[in-house]
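Okay, so the sequence shown: first residue is 36 according to my numbering, each after it adds one. Every residue gets a Cβ at the ideal spot worked out from N, C-alpha and C, and that includes glycine. Nothing here was measured: the structure is a model prediction, and the numbers come from that model.
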Amino acid sequence: MSDASNALSESDIAKTLQGISIPPQPQVLVDLHLECAQPEPRVGEIIDIISTDVGLSAAVLKTVNSPFFGLRRKVSTVQHAVAMLGLQNAINVANALALRETMRSDDNPALQRFWDTAQDIALACITLARELNFSTPEEAYTLGLFHNVGVPLMLMRFKDYRAVMSVGYKKGAITRVEDQFLKTNHATVGYYMARVWHLPDDLAETILQHHDLAEIFEGPANNSKRRTLIAILKVAEHVCGLYRILGNQQVDNEWLQYRDAILEQLHIDEDELANLTERLNDMGLRSDNYQW
36 MSDASNALSE SDIAKTLQGI SIPPQPQVLV DLHLECAQPE PRVGEIIDII STDVGLSAAV
96 LKTVNSPFFG LRRKVSTVQH AVAMLGLQNA INVANALALR ETMRSDDNPA LQRFWDTAQD
156 IALACITLAR ELNFSTPEEA YTLGLFHNVG VPLMLMRFKD YRAVMSVGYK KGAITRVEDQ
216 FLKTNHATVG YYMARVWHLP DDLAETILQH HDLAEIFEGP ANNSKRRTLI AILKVAEHVC
276 GLYRILGNQQ VDNEWLQYRD AILEQLHIDE DELANLTERL NDMGLRSDNY QW
């Protein structure tokens, strides 16, 4: 697919978002992104911005103190947490919390479970990226967090969305089925959400394409990095059981269609995949406990 902003017209945008409200970016994120956009971002200023938001501070500390980091002593200050996470991952946590709170619904517990699953997939992505020596594992983490950001918006807009998604997973053609029944899909909605929230353009376009696997793996290899990112994401989704959680299926049909291409892209075989899967399971990233 060519650049998404050129591929979709204004009328396409209007049709895609009909009845779907994209929430505005919270001020704390506006402030963070403005500072990060400076030629020389001030780490102290970023720490101050995070520290002034109680919920955000707690989320950053909770993330860095999670078993994933395996710290012997718990981190108790935002400054130390940002140093441990790295600046970009701290921003990712801020974005994830803001999205979660913006789309929070006390009468829809499925949304809470959705974000728990997104966090698991993000951790699986960064773990796989590091194991595979991917050059920028933080990008894999970001994609894991945000690739399905359109799902909550679709869930809030369409009362039968879960049933449609189940059909999509059964056929291994998630976005195509959504387009058929709902005239839009979560990948396209997620793309616009990412644009409105000023997430990186490349991330937005990868969100748009993350179910276009025929085009990604069978078309020209004109973006090898994106192909690798999506391959990592698909392994993480499969291991974390997303086909059961979102799709209500016992078989991951999308994975079965593209498994060989995914493994080839990552230069791993079935035995290596089994070893990676076992390590992820040992970390508790197989989300069998979540019921959508």
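In angstroms with no decimal places, state the Cα-to-Cα distance between residue i and residue j.
i	j	result
I126	A133	11 angstroms
Y204	Q114	42 angstroms
Q284	S201	7 angstroms
K206	F193	20 angstroms
L301	K218	34 angstroms
P235	K109	31 angstroms
D195	E289	22 angstroms
G90	D304	42 angstroms
P59	A208	30 angstroms
A309	R77	43 angstroms
A116	A94	10 angstroms
L120	V99	6 angstroms
L248	E307	22 angstroms
P146	M191	At residue 146 the sequence reads Leu, which differs from the Pro that was named. Answer to the nearest angstrom: the Cα atoms are 9 angstroms apart.
R135	F216	26 angstroms
S92	E174	22 angstroms
P172	T241	15 angstroms
T210	G79	42 angstroms
S259	V184	23 angstroms
R294	A239	24 angstroms
E166	E250	26 angstroms
P102	E299	31 angstroms
F169	D214	33 angstroms
Exposed or buried, residue i, counting other C-beta atoms within 10 Å across all chains shown (16 or more means buried)?
i	result
T87	exposed
G276	buried
L96	buried
G254	exposed
A153	buried
L291	exposed
G282	buried
K269	buried
L106	exposed
M36	Because M36 sits at a pLDDT of 40, beneath the cut-off of 50, its placement in the model cannot be relied upon, and the point is left open.
A72	exposed
Near residue i, which residues of its chain fall below 7 angstroms by C-beta distance, leaving aside the five closest residues on each side in sequence?
i	result
F149	V186, P187
D237	none
T312	V274
H233	Q60, H68
M189	Y196, H221, V224
H245	H182, A222, I265, L268
A271	I156, A159, C160, L163, G179
I55	L188, R192, V224
Starting from the C-beta of residue i, find all residues in its chain whose C-beta is less than 8 angstroms away, skip the five residues before and the five after it, and write them out in chain order.
i	result
Y176	N124, N127, A157, L158, C160, I161, A164
D317	none
S344	Residue 344 cannot be examined here, being either before or after the span of the chain that is shown, 36 to 327.
I35	The chain is shown from 36 up to 327; residue 35 falls before or after that span and cannot be answered.
L122	C71, P76, V78, I81
I'd like the list of long-range same chain contacts for residue i, defined as Cβ closer than 6 angstroms, with 5 residues on each side in sequence excluded.
i	result
L315	A159, V274
V231	I57
V63	D88
N41	Note that N41 scores a pLDDT of 41, beneath 50, so its modelled location is shaky; the value from the coordinates is reported in the next line. Cβ within range, chain order: n/a, list empty.
Y278	Y204, Q284, D287
V131	Note on identity: in this sequence residue 131 is Ala, with Val being the wrong assignment. L180, listed in sequence order.
G319	none
I297	A266, K269
What span of residues does the alpha helix (DSSP H) with residue i cover, start to end?
i	result
W290	288-301
P102	Where P102 is concerned, there is no enclosing alpha helix (DSSP H), given that its DSSP letter is neither H nor E.
N124	122-137
M318	Note, M318: premise wrong, no alpha helix (DSSP H); not H, not E.
A175	172-181
E253	248-253
K109	Per DSSP, K109 belongs to no alpha helix (DSSP H) and is neither H nor E.
C275	Where C275 is concerned, there is no enclosing alpha helix (DSSP H), given that its DSSP letter is neither H nor E.
K218	Premise fails: K218 is in no alpha helix (DSSP H) and is neither H nor E.
D236	236-244
Since I believe residue j is in contact with residue i (beta carbons under 8 angstroms), could you give me their beta-carbon distance rounded to a whole number of angstroms?
i	j	result
I82	E70	Not confirmed; about 10 angstroms, so no contact.
T137	P74	In fact, because the Cβ distance is near 30 angstroms, the residues do not count as touching under 8 angstroms.
A118	L67	No, A118 and L67 are not in contact; Cβ-Cβ is about 17 angstroms, not under 8 angstroms.
V212	V199	6 angstroms
F381	R262	Here the chain covers residues 36 to 327 and nothing more, so residue 381 does not appear.
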